[in-house]
Amino acid sequence: MGRNRAIRSFDPRKTGQPLDLFTATDTRTPVIIELLRCPWIVRGSDLEHGDPSPAGTDSGLGGKRREWGIEVVWDGERAAPRSFLLDGRRYPVDAVVQTWAIERAWWDLRRRTSRRCFRVLARGGLYDLAYDRIANRWLLTGIVD
Amino acid sequence: MAGFVHLHVHSHFSFMDGAASPAALLQHAAGYGMGALALTDHQGLYGAIRFYRAALEAGVKPIIGAEIVIEAAGLKADAAIEGDLPPGLRLPLSAPVGFGRAAGAGFHLTLLAQDITGYRNLCRLLSRTHVRAGDEPSVVTLADLEQCSDGLIGLSGCPCGEAGSAVLTGLGARSERALRRLARCFAPGNFYVELMHLLTPDSPRYIASLVALAGRCGLPVVATNNVHYAKRRDFRIHDVLASAGARTMLPGPYDRPNAELWLKPAGEMRRLFADVPQACDATLEIAERCSLDLGLGSFHFPAADVPRGETPYSVLSKAAWRGLEQRYRPVTPEAVRRLQYELSVIQDLGFPEYFLTVKDIVDFAKREGIRCSGRGSAGDSIVTYVLGITDADPIAHDLLFERFLNPERRQMPDIDVDFDSRRRDEVIAYIYERFGHDHVAMVATVNTMTARSAVRTAAKALGHTPDEINAFSRYLPWVSAHRLPEVLETYPECRDHPLLAPKHQLLVELATELDHTPMHLGTHLGGFIITREPIDSWMPLQWAAKGVVVSQYDKDDIEALGLVKMDILGLRTHSAISDTVRMARERVGEAAVPEPFELPHDDPRVYATIAAADTVGMFQLESSGQRNLAMRLKERDFEDIIAAISLFRPGPLEAEMITPFIRRRHGIEPVTVPHPAMGEVLRSSYGVIVYQEQVLQVAQAVAGFTLAEADSLRRAMTKGRSRAAMEAIKTHFVERACSLGVTHDVAEEVFRQLEGFAAYGFCKAHAACFAVVSYATAWLKTYYPAEFASAILNNEPMGFYSPRVVLDDVRRHGISVLPPHINASSAEFTVEQDGGAVRVGLGSLLHMTSRLLSVLEAERAVRPFADLADFLKRTRAEEPAARSLIRVGALDGLGMTDAGRPPTRDEMLALVPELKAVIARQGVAGDDTLLIAPARARGPVDTGHVSGWTPAMRLSAELECLGLAITAHPLSLARADLERRGVTWARDLPACDDRQRIRVCGVRERAQTPRTRSGKRTCFLTMEDPTGLIDVVVFEDALNRYGDVIVKNRAYLVEGMLQNNCERGIALIAELIEPYVVRDDQRELVRLRRGVGAGPLGPTLGGAGAPESECGEAIA
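Protein sequences, first through last, are from chains R and U.
Residue 72 in the numbering used here sits at position 72 of the first sequence, with consecutive numbering throughout.
Each position in the second sequence, counted from 1, maps to that position plus 10000 in the numbering used here.
Here you go:
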């Protein structure tokens, strides 16, 4: 089954998909619908191939990503982003869906990647925020489509 | 207490994987307020004991465990192994983990010892897995786990465990089967599903799936973090170690996505497992359940052979009294009193079985004629002396039992015995037979990284080529890795070192951080553990690379467990003594040569030899430092030998004892002591506290301490005490002294001297035991120099000097050195001409094989070899060996060419391939082959010698093929040139004035840079010219200028100021060092390689001529 076909045939009502972001169908469906309706969403399939990051760094999530510098308000108590600013609008973080860390190619100054990533649920969809430990700045590394 | 305990932790004893020391892990755990910490290294308990002890000291509860590799548990009945499954259902196996032959590839499982039963079972399980017959892999079987699981808690393992791996592969059913099967191996409630949130995108799914499976199986879950380093920034070291260990480049076998395997604080772990708080609670519960007490502090002796109706004490006592009658003729009341006292102390402390064990082994050696001698503080005991374990009379030499066994302190006695190294294996075989293979194992040593190995490890991981790696490590001195940047920056031999390039900054940084990381587990040279119970209930065992079963613990661990460790050390000097005696008796008769260890120590000729510094080959007296000391000390009796051995040791050197000792001995300064009683005690050492035993005697004489109290005082003073603690000791001493009528000032002055010397004194008993062997070698060298030199050369490598120097020394004693010859030489060096000549043996010849040696001797016994063809035909010599034999002249003069002369070496070398071809084709070659097939080679270069070679050519070949200079000393060929340059010869140095400016030339023998108290670097260079040895001191400023000349060359011209006085002896203080290229009168080059060393400066002791403050602390 090809990738696009798999996306098209995705059944939101069925449980047990590989990535269980939500515990029940009734919570998952509105999110996906909202995501698909969102006017500024960038579908992965619409992105150019290759590594688009300006510094030539690998986001750790494949090449089909764009990275924007972004302003994030940090919640020290929860050790997670509280909100972020995108296109002049503030997006409060409703929930942290997933978090991971990337530390790659540390022996190669040109290829080195060191990030702490957060997949957050905010108004309009799921966003991947990453704190780049080398550049000491926040990035929006993608929007899960 | 923190709300989390780490239960899956690797230290750097997970060789080439873990990046933190147990101490660092404990420090962080204690800092986080964690009440307990586990250590679970791969496939073993290598660091368990030191972790256990450090944890108790740090106030953290130690949990001992291991991460083992286990066979598959979740296979269906129709599949015996992973390979039986269809490809889509197979799980990926991780890279092998574990060290050496204990490494295994399979699924990981974490085990924790709940109590002593669990610990013993863990040891048994690991030993059973690692010590299997043949090449069976080190993988735990489910059957073994079931048998040994009592007292163990199991955790299902990391993502390389079967359950975790199956979940990640999407094989939930397999994971469930594995969990159920593994759970059945443990007692109910003792198996947990291990959850790890390693902050990868897969982590939430991984945890959710395992929690669901655990729920279905009714198993509890527990959170861990697979800790491999104490703090996050050390992830680089983990990656480097894993890569170098797997012989791959970075990112290495694991290809870790991030750096999250650090010892996280409890809050961080709780946050990661916020959805599964019970997993964190379980860590506390497990920590609570684990309470292992290893019972450190008690002793466990092997079973002694005691007849019915006897006790170990009665057997020991009877043997000792029998021995007393043999050793003391007549038996003196003092000896009787001393023996009674020592036996009662040994009985009170509960050590008779230990003494009987040592006696048993020594008795066997003596029965079999294996030369042996005890050493160390055991020489302080009359019991060891009368049992025949040691050979120095403790009463005659004023040795104190309390220094060996202090009745106030119950410490495991340590008796080290040296055995003839050639027959040591017989002793070892006896130990295995006597105590049982299940009760004996060898002690391990942990080899850690120094600058060189750290650079090589980091360079391998960074993907450098072997040539680059060699270039990086070449010329690096033997220093700790943490000193690497400083060494590269400041050491002259590192000038222009490739690592100084900015692009290698990361490599240097990584190498520095690798300092002291364990690299591999070695086998102790002679340490054996002997236990009463089966040894695998005490410690895990495994195969060592050299094919013996070795413990996973080192000597400190064994000592901490209270087990008996015997050092069965091989001493080549014993082999050399035995060989000398045998050769001498063969020549002059059995009765003419007495047993050297039973000689009275009163022969003036022997002392004259030592005092003349003619000590090459003598045990403990031959180093350049000792020769220099001999010139100053002028030994006159046995006590002087003991003093010489003691004075040239790190402690006495650091305390600068030699100078006052020598000055007082020669009357340059008066002997002054603060108290007359002290003068009496220190009479033999001119008022200087040289021996540890003297500290005890002074405390007894001045302050009325018992010897046991005095020994406790000495120990207290030698350990790094706080100022307050030392003040308390001082007050106690002064009070006791004053109560005996000593004035306060005098008491304080005595204490000041004790304090200054207590830490630096040397154990006299150890020196006395060595002195017996030293005297024996000195006596043999004096009366049988040819046999003695041959014996030393036959037992190389041994001693301080290379074989070349030993042979040169023989020549200087007027003994001829006969070249090797196939019709005269055997494998070993032999004595000819009634002790007037030494024939060079063929055993150490380049490319020589043991097959060829035995065939050669057998064929020669039939008839001598006629020529090269005859030799090749009858021995079928391999071509490389044949070429070496020709090059060193072992076939000179054999055969005849059509020119009416024997063939030259060039002609023979040219003929070898043709003759080999003829022999191979026809099976035979006629004796007249040389006449039929004249060689296509140049004619004789030097018609004056049968070989056709010039002396320079012959010498170069000898140095390359034998490492020896047989024709002549290399520099004797350049004599005319050297005399033109105004060089002073070694033999003329004693006649030169003190502070005279001279120039010498020599080939390098030793170059050492022991650490000094001042921190300055001083090189002690030992060189040799045709007339003798030259000691050169290169102080730091000269070393900075000429260090690279020393390291990169083999012969030098040295100019400087001669030091020649009775205080400092004879040595040249270098001011200018130039390389010297050795050429003969015809300007032909002499190649020194193999025969003369080059390379980095060594750290060992042996330097001569410098102030003691510049030669402190060297050999351990």
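Don't be surprised by glycine CBs; every beta carbon is placed ideally from N, CA and C.
Given the structure is predicted, the values throughout are model-derived calculations rather than measurements.
- If you keep only unbroken alpha helix (DSSP H) runs of at least 4 residues inside the stretch 10012 to 10073 of chain U, you get 10022 to 10031, 10048 to 10058.
- U:S10175 is positioned such that its CB atom lies no closer than 7 Å to that of U:A10187.
- Listed along chain U, the residues sitting closer than 7 Å to R:T99 by beta-carbon distance are L10199.
- Around the beta-carbon of U:P10087, fewer than 16 other beta-carbon atoms lie within 10 Å, marking it exposed.
- The Cβ atoms of U:M10442 and U:V10548 sit closer than 7 Å to each other.
- Identification of chain R residues near U:N10258 by a Cβ-Cβ cut-off of 7 Å yields A101, I102, E103, ordered along the chain.
- Contact annotation for R:W106 against chain U: R10236 [CB-CB distance below 7 Å, chain order].
- The beta-carbon of U:P10204 is placed less than 7 Å from the nearest beta-carbon of chain R.
- The three-state reading of DSSP puts U:C10280 in helix, counting H, G and I together.
- Within the stretch 69 to 88 of chain R, those residues whose Cβ lies closer than 7 Å to any Cβ of chain U are, in chain order, A79.
- Under the Cβ distance rule, U:L10250 counts among the residues neighbouring chain R, one pair being separated by less than 7 Å.
- Assignment of U:C11019 by DSSP, reduced to helix, strand and coil, places it in the strand class.
- Within chain R, the C-beta atoms nearer than 7 Å to that of U:R10271 come from A79, in chain order.
- Assigned with DSSP and collapsed to three states, U:M10908 falls in helix.
- The stretch 10553 to 10566 of chain U makes no contact with the stretch 10133 to 10148 of chain U, as fewer than three CB pairs between them are under 8 Å.
- By the Cβ rule, the stretch 10200 to 10211 of chain U does not count as touching the stretch 10240 to 10255 of chain U, because fewer than three pairs are nearer than 8 Å.
- For the 7 Å CB-CB criterion, U:A10677 and U:V10702 form a contact.
- For the stretch 10497 to 10511 of chain U, the residues whose beta carbon sits under 8 Å from a beta carbon of chain R are, in order, L10506.
- Across the set U:L11058, U:R11004, U:G10098, the C-alpha of U:L11058 shows the shortest separation from the C-alpha of U:D10988.
- When DSSP states are grouped into helix, strand and coil, U:E10489 belongs to the helix group.
- The bridge partners DSSP lists for U:L10484 come to none.
- In the three-state reduction of the DSSP assignment, U:C10372 falls in the strand class, which pools E and B.
- Collapsing the DSSP output to three states places U:Y10313 in a helix.
- Scanning its chain for C-beta atoms nearer than 8 Å, with the 5 sequence neighbours on each side dropped, one finds around U:C10148 the residues N10121, L10122, R10124, L10125, R10128, in chain order.
- The shortest CA-to-CA distance from U:I10431 to any of U:V10358, U:F10762, U:C10158 is the one to U:V10358.
- Under DSSP, U:T10110 shares a beta bridge with U:E10067, U:L10155.
- By the neighbour-count criterion, in which a residue is buried when 16 or more other Cβ atoms sit within 10 angstroms of its Cβ, U:T10110 is buried.
- Only residues of its own chain outside the window of five on either side were considered, and among them Q10620, I10645 have a CB closer than 6 Å to the CB of U:F10770, listed in chain order.
- Taking 7 Å as the cut-off, the beta carbon of U:F10528 is found closer than this to the beta carbon of U:V10440.
- Within the model, the alpha-carbon separation for U:A10758 versus U:A10335 is close to 28 Å.
- Close partners of U:L10462 in chain R (Cβ separation under 8 Å): W107.
- Contact annotation, U:G10106 with U:G10098: C-beta distance approximately 10 Å; criterion of less than 8 Å not satisfied.
- For U:T10523, there is no enclosing alpha helix (DSSP H); the enclosing beta strand (DSSP E) covers residues 10518 to 10530.
- Under the DSSP definition of a beta bridge, U:S10816 partners with U:A10837.
- U:Q10542 and U:H10008 do not touch by the CB rule: their CB atoms are close to 22 Å apart, not below 8 Å.
- Around the C-beta of U:H10744, fewer than 16 other C-beta atoms lie within 10 Å, and the residue is accordingly described as exposed.
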